[in-house]
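Protein chains in written order, with this note's numbering: chain A, 1 to 224; chain B, 1001 to 1379.
Here it is, written out as structure tokens:
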């Protein structure tokens, strides 16, 4: 069985790699299989990790106290859980062209909720925390505890942040000093992107090596 | 005789215990109270720090639910610890705590039992008040600028090459009689890059409605797909061309990252769209998509705020919207006063950051650190 699994994996790996030459029936087969399997897996996952614990179980817990024959104790508060469940059901409005407008309500809640959560988080992490991180080394410079290279790094950081921030001014024309600052900012951005590019490419090469190792040793090893 | 032996044994045991616990004093001022600014799922226990020569090597927390026995909770705490947050409580129950000091020789001495404490949820996180004030300040600046833009005063927006190419890309697709492919990436509907991407898509859809150019939008998230359908449909309606709108052109592929990449690659290769927009949140699949788009000769306009994927887009696409340019795009394309005002307000916010930073550097160099202290409090 393990041998069969290795052969299937090797076959599908080669099918996907065949795309490097051109689109072909083998790639199409692997692509459709990949999408089909992932959609099926996604549906099962959504049912077990989403629908059952977050919709079905709370629904039954909410309606059970009102079921005939079951003693009615507390339970009115549980009915509140039916509101988000009902909101989620509105997404099914998309199935009927006449009721598509129903989708707007849960969508608006989701978008509003997302923005409300992310805006303070972004202010906290991308603005306040980074501003503090940029300023703080200068306290060490004042205390005389920073090495000469540390001082260079701190100054570079401030220059980089100021210039890069200037590049992202949209309501001001980039002329004169603003233009120079933003050009230096682009330079800083490109240096950052270059290093990120190199770093990620190294990671991707490691993945390629892993695949080639599988083909050469695990798969070809079963033949030779 | 046996009584004498018993007395000797008891005395010996007492002497040994005393010898081991010599100098080990119980933790003092032990209090248990509801943890402030939480949802009521924890209780905080505090006690005074022991002197350095106290011989204490650690603390063990013991807990008692009303009427129950004592139970040890959590790991052994280090000697320097003066507080512990018990996050394993059940809401509604009251718990009493004992802090047990442990010496190197494993002798122990217990503190007095605290008064019972319950976990209670708070409606407001008072620690976030500075952040709330900062939010209000930024919000006020943006609202003021929106009113400024709505009053009819002109708001200047600098040239963004990637967005100027939008019309060129759509025109090219129309002339060639081919479709336009728009990918919103892998983000969920509640994520900022996806929201920004949807507003750009709305503007692109308005133009494609005018030119009757097919606009294909493969989606990774079914909820995003539903919202996108609404966005595109509204754009076509606004342009007075609901007849051109085809719901099937906005479709779900799969939620799996690389299966989505394989599917979109397949669409690119088979349909050969003349223009490709990759706007939103992208991860490792960014280069796979951008490279395939490049190989079919499509004009590509990408945009993301993910700094790890931007280098790939810059390398493989014709135009790239870097970070905040993605957020500015909707204002740039639509020229709506509300969006333009918001953009101007954000620039004001940047000026504020600018001033804070320069002032902060000068003050820190002079030994005054109230700006960093304030920023720390905001966080």
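Here a beta-carbon is modelled for each residue, glycine too, at the ideal position from N, C-alpha and C.
Return the chain-ordered list of same chain residues with a C-beta closer than 7 Å to the C-beta of residue 1058(B), the five sequence neighbours on each side being excluded. 1076, 1077, 1078, 1079 and 1102
Please determine, among 1356(B), 1324(B), 1263(B) and 1272(B), the residue with the shortest C-alpha to C-alpha distance to residue 36(A). 1263(B)
Smallest Cα separation from residue 1286(B): which of 1272(B), 1313(B), 1276(B) and 1271(B)? 1313(B)
DSSP three-state label for residue 213(A), please. helix
Curious, which full-length alpha helix (DSSP H) runs of at least 4 residues does the region 57 to 119 of chain A contain? 57 to 63 and 82 to 89
Coil, strand or helix - residue 1218(B) by DSSP: strand
Using DSSP with H/G/I as helix, E/B as strand and the rest coil, what is residue 21(A)? coil
Count the other CB atoms within 10 Å of the CB of residue 1246(B); is the residue buried (16 or more) or exposed (fewer)? exposed
Grouping DSSP H, G and I as helix and E and B as strand, with all else coil, what is residue 1281(B)? strand
What are the residues in the region 1246 to 1259 of chain B lying within 7 Å of chain A by C-beta distance? 1253, 1254, 1255, 1256 and 1259
Host alpha helix (DSSP H) of residue 1354(B) (start-end): 1337 to 1365
Quick check: is the beta carbon of residue 136(A) nearer than 8 Å to any beta carbon in chain B? yes
Beta carbon of residue 1223(B) nearer than 8 Å to that of residue 91(A): yes
Could you spell out where the alpha helix (DSSP H) holding residue 1147(B) opens and where it closes? 1129 to 1150
C-beta neighbour in chain A for residue 1158(B), strict 8 Å: yes
Consider the Cβ of residue 1238(B): report whether some Cβ of chain A lies at a distance smaller than 8 Å. no
Give the straight-line distance between the Cα atoms of residue 104(A) and residue 1255(B), rounded to the nearest whole angstrom. 22 Å
Suppose you measure from the CA of residue 1267(B) to the CA of residue 1275(B); what does that come to, to the nearest Å? 13 Å
Inter-residue Cα distance where the pair is residue 1200(B) and residue 185(A): 25 Å
Closest Cβ-Cβ distance between residue 1344(B) and chain A: below 8 Å? yes
Can you check whether the C-beta of residue 1270(B) is within less than 8 Å of a C-beta belonging to chain A? yes
Between which two residues does the alpha helix (DSSP H) holding residue 147(A) run? Unbroken run through residue 147(A): none, as it is neither H nor E.
Consider the Cβ of residue 1199(B): report whether some Cβ of chain A lies at a distance smaller than 8 Å. no
Assigned exposure category for residue 1047(B) - 16 Cβ within 10 Å defines buried: buried
Please state if the CB of residue 193(A) and the CB of residue 1310(B) are separated by a distance shorter than 8 Å. yes
For residue 953(B), the nearest candidate out of 1206(B), 1330(B), 1362(B) and 1074(B) (CA to CA): Residue 953(B) lies beyond the residue range present for chain B, which begins at 1001 and ends at 1379; the question has no answer from this structure.
In its own chain, which residues sit with a C-beta less than 6 Å from the C-beta of residue 1316(B), not counting the 5 before and 5 after it? 1290, 1291 and 1294
Which of helix, strand or coil DSSP assigns to residue 177(A): helix
Does any C-beta atom of chain A lie closer than 8 Å to the C-beta of residue 1014(B)? Because residue 1014(B) carries a pLDDT of 47, less than 50, the predicted location of this residue cannot be relied on, and the following value inherits that uncertainty. Judged by the 8 Å Cβ criterion, residue 1014(B) is not in contact with chain A.
Apart from the five residues on each side of it in sequence, which residues of its chain come closer than 7 Å, Cβ to Cβ, to residue 1060(B)? 1072, 1076, 1100 and 1102
Taking C-beta pairs closer than 7 Å, name the residues in chain C that residue 39(A) reaches, listed in chain order. Checking the listed chains, one finds no chain C in this structure; the protein chains it contains are A and B.
On a CA-only basis, which of 1252(B), 1338(B) and 1364(B) is nearest residue 143(A)? Give me that one, please. 1364(B)
Could you tell me which chain A residues have their CB closer than 8 Å to the CB of residue 1226(B), listed as they occur along the chain? 91, 94, 103 and 107
Looking at the structure shown, is residue 194(A) part of a helix, part of a strand, or coil, going by DSSP? helix
Whole alpha helix (DSSP H) elements within the region 1190 to 1215 of chain B, 4-residue minimum: 1192 to 1211
Member of 1182(B), 1212(B) and 1202(B) whose CA lies at the smallest distance from the CA of residue 1176(B): 1212(B)
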